[in-house]
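Asks: Residue numbers (this note's numbering): 162 to 574. The following block contains the structure, expressed as structure tokens.
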């Protein structure tokens with residue numbers, strides 16, 4: 162029933178008629194709804210604040226609980242205390258997710274195993290970064306027997322390790338163990354960055370005719386042609402040449418102990434190659450703290466970038482002098498210890514990939530490999546992405562992995 166409020170009677174001066182003025186108030190005035198809407202908004206703000214605070218707390222204090230990397234099972238076949246050999250057995254599931262696409266797991270294995278030869282200074286999470294973006298998981302699903310050489314975490318006692326140590330001693334020994342385990346002599350080698358150089362150097366130095374396929378990604382062959390970094394290398398070469406001529410001093414005259422580079426320094430150095438992107442990633446984290454999926458992704462990527470591994474001093478000496486300053490590879494050869502590795506000894510089927518946005522190793526620096534190897538079956542591709550992106554970026558599965566798997570499958574049986 163409507164509420165009525167009766168005002169006192171009064172006489173109208175004109176008609177002397179007494180009027181009763183009734184004022185009707187509607188029960189439909191939306192005051193309760195306004196209060197409810199305000200309360201809902203306040204509750205929403207409270208929930209959003211709690212979500213932001215919870216995600217921020219987890220990202221700062223419980224980051225390890227967010228990391229999705231390293232979930233693909235593997236067996237450690239051998240270790241010498243530093244370097245270990247991994248084998249990824251067949252997957253238990255029948256399908257895997259690859260960045261929103263479902264891929265059937267192939268149960269018939271290709272004849273030729275693939276051995277992943279990583280670069281130094283990185284941890285192995287990069288090869289198994291997300292369940293839906295894992296290179297080792299993808300290759301295993303595509304029917305390849307997958308092995309990975311984990312170079313471990315060198316300390317100062319390994320400062321004397323140089324190119325010869327890795328290319329002429331460790332890599333041959335571990336490839337022999339792959340052959341023993343797989344029962345196959347022919348192998349495919351996959352190397353990213355310095356791992357690609359290791360792959361080429363080993364093939365060139367050993368003249369191993371059982372390396373059937375070689376896949377190299379982001380590996381510099383002409384370091385003086387690598388954009389701004391190439392110009393820096395050229396200036397370094399000028400200075401080094403002047404010093405050598407005037408004083409006879411060479412970088413290899415210094416004990417390698419002094420060139421040992423700890424992991425934290427490598428992390429900073431890698432981020433400084435693209436400082437704007439490094440800063441923007443944390444800015445984006447702040448503005449997207451309410452997005453749990455993004456926070457998880459950021460923590461996972463950071464688990465790789467923030468846990469880089471040390472470079473042995475001997476490797477730094479060899480790389481700076483022979484790859485960067487002297488640019489020996491641009492002439493098709495490089496000194497490895499007392500030996501010389503000549504790229505024209507490489508005859509394996511070759512797939513070379515460069516990143517269109519790679520500022521460390523530009524396509525021009527990587528493409529020169531095509532001029533020096535003796536491979537009759539060789540392909541060079543430029544794909545979207547930077548130095549890390551061509552291996553494990555969000556575009557890598559569609560832009561390079563699928564083509565890589567098809568290329569390799571055709572040459573592995």
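No residue lacks a Cβ here, since even glycine has one placed at the ideal position from N, Cα and C.
Look at the Cβ atom of residue 566, then the Cβ atom of residue 391, and state whether they are nearer than 8 Å.
Replies: Mapped onto the chain shown, residue 566 falls at position 405. Mapped onto the chain shown, residue 391 falls at position 230. Going by C-beta atoms, residue 566 is not nearer than 8 Å to residue 391.
Asks: Compute the Euclidean distance between the alpha carbons of residue 382 and residue 322, then round it to the nearest angstrom.
Replies: Here residue 382 refers to the residue found at position 221 of the chain shown. Here residue 322 refers to the residue found at position 161 of the chain shown. One C-alpha to the other measures close to 22 Å.
Asks: With a CB to CB cut of under 8 Å and the five nearest residues on each side skipped, what residues in its chain are close to residue 478?
Replies: Residue mapping note: residue 478 aligns to position 317 of the chain shown, counting from 1. Cβ neighbours of residue 478 beyond the five flanking positions: 323, 412, 413, 415, 417 and 420.
Asks: Please give the ranges of any alpha helix (DSSP H) in the segment 499 to 536, keeping only runs that are unbroken, at least 4 residues long and fully inside the region.
Replies: 524 to 528 and 530 to 533, all fully within the segment 499 to 536.
Asks: On the DSSP letters alone, give me the boundaries of the alpha helix (DSSP H) that residue 349 sits inside.
Replies: Locating residue 349 in the chain shown gives position 188, where the first residue counts as 1. Careful: residue 349 lies outside any alpha helix (DSSP H), inside the beta strand (DSSP E) at 348 to 353.
Asks: Using three-state DSSP, classify residue 186 as helix, strand or coil.
Replies: The residue you call residue 186 lines up with position 25 of the chain shown. Confidence in residue 186 is poor, its pLDDT being 42 and thus under 50, which makes the residue's placement unreliable; the coordinate value appears in the next sentence. Of the three classes helix, strand and coil, the one that applies to residue 186 here is strand, per DSSP.
Asks: Whose CA, out of 494, 532 and 550, lies closest to the CA of residue 519?
Replies: By 1-based counting over the chain shown, the position of residue 519 is 358. For residue 519, the nearest C-alpha among the options comes from 550.
Asks: Does DSSP put residue 223 in a helix, in a strand, or in coil?
Replies: Residue numbering aside, residue 223 sits at position 62 when the chain shown is read from its first letter. Here residue 223 sits in coil by DSSP.
Asks: Run the CB neighbour count on residue 276, radius 10 Å, all protein chains shown included, and call it buried at 16 or more, exposed below.
Replies: Translated into positions along the chain shown, residue 276 becomes position 115. So residue 276 ends up on the buried side.
Asks: With a CB to CB cut of under 8 Å and the five nearest residues on each side skipped, what residues in its chain are close to residue 311?
Replies: Position 150 of the chain shown holds residue 311. Correct list, in chain order: 244, 245, 246, 247, 279 and 285.
Asks: Looking only at its chain, what residues have a beta carbon closer than 8 Å to the beta carbon of residue 255, apart from the 5 residues adjacent to it on each side?
Replies: Residue numbering aside, residue 255 sits at position 94 when the chain shown is read from its first letter. Result list for residue 255: 265 and 266, in chain order.
Asks: Taking C-alpha atoms, which residue in 493, 528, 460 and 398 lies nearest to residue 443?
Replies: Taking the first residue of the chain shown as 1, we reach residue 443 at position 282. The residue with the shortest Cα to Cα distance from residue 443 is 460.
Asks: Return the chain-ordered ranges of every beta strand (DSSP E) run that is complete within the segment 232 to 286 and spans a minimum of 3 residues.
Replies: Runs of the beta strand (DSSP E) inside the segment 232 to 286: 236 to 240, 245 to 249, 256 to 259, 262 to 265 and 275 to 278.
Asks: Thinking just about the alpha-carbon of each residue, which of 497, 529, 219 and 232 is nearest to the one in residue 363?
Replies: Sequence index remark: in the chain shown, residue 363 carries index 202 (1-based). Measuring from the Cα of residue 363, the nearest candidate turns out to be 497.
Asks: Measuring only the C-alpha atoms, how far is residue 346 from residue 508?
Replies: Against the chain shown, residue 346 aligns to sequence position 185. Against the chain shown, residue 508 aligns to sequence position 347. Approximately 16 Å between the Cα atoms of the pair.
Asks: Could you give the distance in angstroms between the alpha-carbon of residue 469 and the alpha-carbon of residue 399?
Replies: Translated into positions along the chain shown, residue 469 becomes position 308. Translated into positions along the chain shown, residue 399 becomes position 238. C-alpha separation (whole angstroms): 31 Å.
Asks: Take every Cβ of the segment 552 to 569, pair it with every Cβ of the segment 295 to 304, and state whether three or more of those distances are shorter than 8 Å.
Replies: Enough Cβ pairs lie closer than 8 Å, so yes.
Asks: Nearest-angstrom Cα distance between residue 393 and residue 253?
Replies: For the purposes of this step, residue 393 is taken as the residue at position 232 of the chain shown. For the purposes of this step, residue 253 is taken as the residue at position 92 of the chain shown. Cα-Cα distance, rounded: 49 Å.
Asks: In this structure, how does DSSP classify residue 415 when only helix, strand and coil are distinguished?
Replies: As a position in the chain shown, residue 415 is number 254, starting the count at 1. In the structure shown, residue 415 sits in coil (DSSP, three-state: anything other than H, G, I, E or B).
Asks: Quick test of your reading: residue 552 and residue 361, contact by CB under 8 Å. State the CB separation rounded to the nearest angstrom.
Replies: Mapped onto the chain shown, residue 552 falls at position 391. Mapped onto the chain shown, residue 361 falls at position 200. With a Cβ gap of about 17 Å, residue 552 and residue 361 do not count as contacting.
Asks: By the DSSP assignment, the alpha helix (DSSP H) with residue 432 in it spans what residues?
Replies: Reading the chain shown from its first residue, position 271 is the one you call residue 432. Looking at the DSSP string, the run of the alpha helix (DSSP H) that includes residue 432 is 424 to 433.
Asks: Taking 8 Å as the cut-off, decide whether the C-beta atoms of residue 467 and residue 428 are in contact.
Replies: Indexing the chain shown from 1 puts residue 467 at position 306. Indexing the chain shown from 1 puts residue 428 at position 267. Their beta carbons are under 8 Å apart, which means residue 467 touches residue 428 by this criterion.
Asks: Looking only at C-alpha atoms, which of 490, 542 and 373 sits nearest to residue 355?
Replies: Here residue 355 corresponds to residue number 194 of the chain shown, with the count starting at 1. It is 490 whose Cα lies nearest to the Cα of residue 355.
Asks: Between residue 292 and residue 556, what straight-line distance do the alpha-carbon atoms span, to the nearest angstrom?
Replies: As a first step, residue 292 must be located in the chain shown, where it is residue number 131. As a first step, residue 556 must be located in the chain shown, where it is residue number 395. Taking the straight line from one Cα to the other gives about 15 Å.
Asks: Could you say which of 208, 207, 211 and 220 lies nearest to residue 454 if we only look at CA atoms?
Replies: As a first step, residue 454 must be located in the chain shown, where it is residue number 293. That would be 220, whose Cα lies nearest to the Cα of residue 454.
Asks: Give the DSSP-derived three-state secondary structure of residue 308 in the structure shown.
Replies: Residue numbering aside, residue 308 sits at position 147 when the chain shown is read from its first letter. Looking at residue 308 - three-state DSSP - the assignment turns out to be strand.
Asks: For residue 287, which residues in the same chain have their Cβ closer than 7 Å to its Cβ, ignoring the five residues on either side in sequence?
Replies: As a working mapping, residue 287 is identified with position 126 in the chain shown. Result list for residue 287: 465, 552 and 553, in chain order.
Asks: What residue range is occupied by the uninterrupted alpha helix (DSSP H) comprising residue 408?
Replies: Taking the chain shown and counting its residues from 1, one reaches residue 408 at position 247. That run of the alpha helix (DSSP H) goes 388 to 408.
Asks: Please state the DSSP three-state secondary structure of residue 470.
Replies: To locate residue 470, count along the chain shown from 1; it is residue 309. It is coil, neither helix nor strand.
Asks: Could you check where the alpha helix (DSSP H) with residue 299 kicks off and where it finishes?
Replies: One-based indexing of the chain shown puts residue 299 at position 138. Here the alpha helix (DSSP H) through residue 299 covers 296 to 302.
Asks: Among the candidates 239, 218, 522 and 274, whose CA atom is the shortest distance from the CA of residue 372?
Replies: As a working mapping, residue 372 is identified with position 211 in the chain shown. When only C-alpha atoms are compared, the closest one is 274.
Asks: Apply the 10 Å Cβ neighbour rule to residue 348 and answer buried if 16 or more other Cβ atoms are within range, or exposed otherwise.
Replies: In the chain shown, the residue the question calls residue 348 occupies position 187. That one is buried.
Asks: Looking at residue 329: is its Cβ nearer than 8 Å to the Cβ of residue 472?
Replies: In the chain shown, residue 329 corresponds to position 168, counting from 1. In the chain shown, residue 472 corresponds to position 311, counting from 1. Going by C-beta atoms, residue 329 is not nearer than 8 Å to residue 472.
Asks: Residue 338 by DSSP, collapsed to three states: which one?
Replies: Locating residue 338 in the chain shown gives position 177, counting from the first residue. Reduced to three states, the DSSP call for residue 338 is helix.
Asks: Who pairs with residue 539 in a beta bridge, going by DSSP?
Replies: In the chain shown, residue 539 corresponds to position 378, counting from 1. Its beta-bridge partners are 511.
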